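Order-wise, the sequence lines are chains R and Y. The first sequence: position 358 = 357 (numbering that gives the first Met the number 0), numbered continuously. The second sequence: position 196 = 195 (numbering that gives the first Met the number 0), numbered continuously. Here's the structure we're looking at; comments come further down.
Protein chains: 2
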Amino acid sequence: MQETALRIRLITTFVLFSVFLFAQDVIYTYDFFELTLRHTAEGNPFRDVQIKGVFSQGDEEYEVTGFYDGDGKYVLRFMPCREGIWSYKTVSNVDSLHNHSGRFDCVKKSGSLHGVVRVANTYHFKYDDGTPFYPFGTTCYAWIHQEDEIQDETLTTLKEAPFNKIRMCVFPKWYELNEIEPAIYPYIGRAPDQWDFWRFNPAFFRHLEKQIRRLQDLGIECDLILFHPYDGGHWGFDRMTDDQDDFYLRYIIARLSAFRNIWWSVANEYDFLNEKQMEDWNRFFEILEEEDAYGHLRSIHNGLKWYDHSNPRVTHLSIQEDPWEDGGIGEYEQKIDRWKAKYKKPVLIDEMKYEGDIRYSFGDLTAQEMTDRFWYVYTKGAYATHGETYIHPKNIIWWARGGRLYGESPERIAFLKKIVESAPGSGFESFRGMEEDGNAVRAGEACYLFYIGARQPAERVIFLPEDKKYKLDIIDAWGMSLSKIEGTFSGKNLINLPGKPYTAVRAIRIH
Amino acid sequence: MQETALRIRLITTFVLFSVFLFAQDVIYTYDFFELTLRHTAEGNPFRDVQIKGVFSQGDEEYEVTGFYDGDGKYVLRFMPCREGIWSYKTVSNVDSLHNHSGRFDCVKKSGSLHGVVRVANTYHFKYDDGTPFYPFGTTCYAWIHQEDEIQDETLTTLKEAPFNKIRMCVFPKWYELNEIEPAIYPYIGRAPDQWDFWRFNPAFFRHLEKQIRRLQDLGIECDLILFHPYDGGHWGFDRMTDDQDDFYLRYIIARLSAFRNIWWSVANEYDFLNEKQMEDWNRFFEILEEEDAYGHLRSIHNGLKWYDHSNPRVTHLSIQEDPWEDGGIGEYEQKIDRWKAKYKKPVLIDEMKYEGDIRYSFGDLTAQEMTDRFWYVYTKGAYATHGETYIHPKNIIWWARGGRLYGESPERIAFLKKIVESAPGSGFESFRGMEEDGNAVRAGEACYLFYIGARQPAERVIFLPEDKKYKLDIIDAWGMSLSKIEGTFSGKNLINLPGKPYTAVRAIRIH
């Protein structure tokens, strides 16, 4: 036994030594290669210096834009999506940054590096390596702008929580319950509103990147909100000129698109940004499509005004709306069904109000209702995002500032997530599977899920294929338990239910 | 003391004796005078014999239609709405029934005889004597068609329940969970479908009248459904000819309009009666208006298809719809507000699904949700109707057959009723009284009610008049308790709430 331990220690030492030796030259797929070049810091390097890198392997070629990182450092980042030897060269309007070249070896890391999340099967998502991704989002708009201890606590909370996507803002937030000057700003200047919108603060972006990387380590996708209205002119990040907006957007794409877990959320509540027009949003989508070499997911989130998601640059719907307040008696097709039919894109209900008890009606859901809403959305074959707004003596409220979670829904969302992830295939398809009100989804013919919601029927009719056999479980979505129903089932079945709210039925094919 | 007891006994004896002596000649206001004349039973007296009565007092004159009650009896009924001596004479196409005359004395009975319920103050109701009537309905469609013991049990249940209006059908019901042949039918013939639609069965109508009178004794308005689709051709009462429909309608008006507690509900789920056209419904309203001398309330209840309640013969809206599934973020004006603004009539949500656990989604509400819906409707200045559908081993389910109530909402509806009835004025007016989602109503400036619903805010902003002072109570609508908030309040107030669902706030003016 001791011999084995020694051998492991020797191997570990050798591996660490090798990694040290080739640190700059061996890259994992979906991690990124970074090249830092030096040049003067004089003038306005953000504006004056252009640098690009061309990365190639065989026929495949990527052109990525570099960025100025302060202190005379010019950086190029590249995320290889394929293993093997990649070579690169630089192109710049500055001689000393032009025509640098080199190569590095990209190797596959088994396990967690699945790549970029992309739309799959019209309404769903997969990582590049084919692993299905079922978004279970949460919301911490301004967590990176808080005191260090709160940020650390947020990450500790996320480690235990079921969420694999987080909605968060680049710019800080100035809003009721959130009126805090952060320690660091994205621009050079003086708070609150004396900024040079042509000079970024690299330290701010390095901090943002550090936190995005820590999210990566937790397997969490960063649904990064590029513009938001919760500034109201306090800092003025919501009312820059068109050129300044584009300048910011290009800088952030250059810095962040090599992070595999980035999703671009062009705006939160876009329609509350009074200074912007529809042509601005269109232009931002264009820039994102052109400049992001990897094609990360792109969306825009509404306030009161619906966005036309038929824009082909929008990869998925990022909705704020109550999709269940609709339908009426006996109507199966509710909003989510109609949105899917119309746009042929995945639907994410990225705000459906928050569990909490604050005075505002966006943040006073019970845990039961938040849980119910999650179940509703997933049993329509769509995806949802959580948020929490319990009153806190220091206003450290999860929805905006992070910290701790106090609610009872995350545990139930974890339970739902396990059920969703255990189904085969890559996502549920909504269908008319119940005689009466209630949602039904299927993963092919292998797994069915029926959800009855806040009602309490003691019986319900469900429909399964006539020619297959299934075993059934009754699910208590609130109590987080499954109990088997004796027997096997096919076709139309009147199922006995416990007669209490938040009941679901799962059918798994046996032959 | 014994002397007093003796004196009371003597007075009682005298009063009873007097009533006996003048039994036919002294009538209470809002009770009815009945004149029975005899003639042959030959031919078809329902069709062949016409008899009318003209009742007058001073300038006031009422013409009422009589009806054939079987066994050669021809009956005229008249409900006097004013005390004093009334005289009458009959008009008939049959000599022996023509030109009978007489008089009777009408006296006011103190206490319970308030008269006919009528629309008051646009959106509300009052009895003829000015007493406000706040409808709190329930639903027992076919209770009069059940075995006697069940009918008696229904009345016993109603005696303890908070309901002061009942939706019930003339025709029996043939519908899932309700497939029963009644003991007695409205027509002469043979069950199930051999009827002479030109010959009524007076025994059936006498039974109906007995039960309407027993409802009167309990202070319950009879919201009588004249046509309904839950026959499906089994008996054919849903598919008579136009002439037969009108014949039935005129007969029932002749028999029942003298009952002060009658409301005419032309149909339940009118749009499911496939044999009828819109012109039929219009004609029924015309006949009701022409033939009913007292102008009882008239409505029609929808299934899936909205009825145009702007028809001036419709006195109030009798709706089936979920009025809360609407509005969206920050919208104060929801369906009820819009209906009131459009039609300028009282709004009754006469079906909003039922508390129960049956397999159908019309009958699987939790008691919490039923309670919440009641509160929602009343804090929009409208009125609601209850129903209950718990699975029963013999299918004796309240909604259709009556019997017992098993649910937990009636107790809570009673609690709400007390709060509504204790407010001054004749009904609540909806207004924008909350900063965020939630309903607010006011009774002038004397009493305000704010309802937050299934949410759990621990704070909410409410608005009161700036120049008046109010005391506040926190109401737990589910727990049925009131607790006083210390202090007096005016204008805009941030109120601390218990942070749990089904909370309301009541403000009562102190000066």
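Using N, Cα and C, we set each Cβ at its ideal position, and we do this for glycine too. What you are looking at is a predicted structure, and each value in this text was computed from that prediction instead of being measured.
Report yes or no: is there a C-beta of chain R within less than 8 angstroms of the C-beta of residue i?
i	result
Y:Asn346	Per the sequence shown, residue 346 of chain Y should be read as Val rather than Asn. Y:Val346 does not count as touching chain R.
Y:Arg454	yes
Y:Phe21	Summary for Y:Phe21: the model assigns pLDDT 46, below 50, so the residue's position carries little reliability; its value from the coordinates is reported in the next sentence. So no, Y:Phe21 is outside the interface.
Y:Val557	Chain Y is shown only over 0 to 510; residue 557 of chain Y falls outside these bounds and no answer can be derived.
Y:Asp336	no
Y:Ile219	no
Y:Ala503	no
Y:Gly490	no
Starting from the beta carbon of residue i, find every residue of chain R whose beta carbon is closer than 9 angstroms, and list them in chain order.
i	result
Y:Thr365	Ala453, Arg454, Gln455, Lys499 and Pro500
Can you confirm whether residue i, when its beta carbon is compared against all beta carbons of chain Y, has any partner nearer than 8 angstroms?
i	result
R:Asp521	Nothing in the structure corresponds to residue 521 of chain R, since chain R is present only between 0 and 510.
R:Ile318	no
R:Gly327	The pLDDT assigned to R:Gly327 is 45, lower than 50, so where the model puts this residue is not dependable, and the model offers no usable value.
R:Glu368	yes
R:Ile412	no
R:Ile395	no
R:Ile390	yes
R:Phe16	Legend: pLDDT at R:Phe16 = 46, less than 50; position of this residue unreliable, value from coordinates given subsequently. Not one chain Y Cβ lies under 8 angstroms of R:Phe16.
R:Met0	Any reading at R:Met0 must be qualified, since the residue scores a pLDDT of 43, below 50, and its modelled position is unreliable; the value itself is stated next. No, R:Met0 lies away from the interface with chain Y (no Cβ there is under 8 angstroms from its Cβ).
Is residue j closer than 8 angstroms to residue i when the C-beta atoms are compared?
i	j	result
Y:Thr370	Y:Ala503	no
R:Ser298	R:Ser256	no
Y:Gly401	Y:Thr153	yes
Y:Pro185	Y:Asn200	yes
R:Ala457	R:Phe449	no
R:Gln210	R:Phe258	no
R:Thr487	R:Lys468	yes
R:Tyr27	R:Lys108	yes
R:Ser317	R:Asp279	no
R:Tyr174	R:Tyr229	yes
R:Glu33	R:Arg76	yes
R:Glu444	R:Pro464	yes
Y:Glu287	Y:Thr314	In the sequence on display, residue 287 of chain Y carries Leu and not Glu. Going by C-beta atoms, Y:Leu287 is not nearer than 8 angstroms to Y:Thr314.
Y:Val74	Y:Thr35	yes
R:Glu290	R:Ile252	yes
R:Asn92	R:Gln49	yes
R:Lys491	R:Phe462	yes
Y:Ile219	Y:Leu157	yes
By the criterion of Cβ-Cβ separation under 9 angstroms, what are the contact partners of residue i in chain Y?
i	result
R:Leu493	Arg358
Could you give the C-beta distance for residue i and residue j, rounded to a whole number, given that I count them as a contact under 8 angstroms?
i	j	result
Y:Met433	Y:Val460	7 angstroms
R:Ile420	R:Tyr405	The sequence as given places Glu at residue 420 of chain R; Ile does not occur at that position. Going by Cβ atoms, the distance from R:Glu420 to R:Tyr405 rounds to 25 angstroms, so no, they are not a contact pair.
R:Lys51	R:Gly65	6 angstroms
Y:Cys168	Y:Trp398	With a Cβ gap of about 12 angstroms, Y:Cys168 and Y:Trp398 do not count as contacting.
Y:Arg45	Y:Tyr67	Here residue 45 of chain Y is Phe; the residue named in the question, Arg, does not match the sequence. Indeed, because the Cβ distance is near 5 angstroms, the residues count as touching under 8 angstroms.
Y:Gly136	Y:Arg166	6 angstroms
R:Lys341	R:Tyr122	No, R:Lys341 and R:Tyr122 are not in contact; Cβ-Cβ is about 12 angstroms, not under 8 angstroms.
Measuring only from the beta carbon, is residue i closer than 7 angstroms to any heavy atom that is part of the ligand GTP?
i	result
Y:Phe77	Among the ligands in the structure shown, none appear at all, so the ligand GTP cannot be discussed.
At a CB-CB cut-off below 8 angstroms, which residues of chain R make contact with residue i?
i	result
Y:Glu278	Correct list: empty, because the minimum Cβ distance to chain R is about 25 angstroms.
Y:Ile84	None at all; the shortest Cβ gap to chain R is about 54 angstroms.
At a CB-CB cut-off below 7 angstroms, which residues of chain Y make contact with residue i?
i	result
R:Asp436	Ser360
| request: Write down every uninterrupted run of the beta strand (DSSP E) in the segment 40 to 86 of chain Y whose length is 3 residues or greater and which is fully enclosed by it, in chain order. | output: For the segment 40 to 86 of chain Y, whole beta strand (DSSP E) runs of length 3 or above, ordered along the chain, are 50 to 56, 59 to 64 and 72 to 77.
| Where in the segment 135 to 216 of chain Y do unbroken runs of the beta strand (DSSP E), each at least 3 residues long, occur, reported from the N-terminal end onward? | For the segment 135 to 216 of chain Y, whole beta strand (DSSP E) runs of length 3 or above, ordered along the chain, are 135 to 138, 164 to 168, 186 to 189 and 193 to 199.
| query | Of all the beta strand (DSSP E) runs that stay within the bounds of the segment 424 to 492 of chain R, which reach a length of 3 or more residues? | reply | Within the segment 424 to 492 of chain R, the beta strand (DSSP E) runs of at least 3 residues that lie entirely inside it are, in chain order, 438 to 442, 446 to 452, 458 to 462, 469 to 475 and 480 to 488.
| Length at least 3, wholly inside the segment 266 to 315 of chain R: the beta strand (DSSP E) runs in chain order | Runs found: none.
| query | What are the complete beta strand (DSSP E) segments, minimum 3 residues, inside the segment 100 to 128 of chain Y? | reply | For the segment 100 to 128 of chain Y, the full-length beta strand (DSSP E) segments reaching 3 residues or more read 100 to 106, 116 to 119 and 123 to 126 along the chain.
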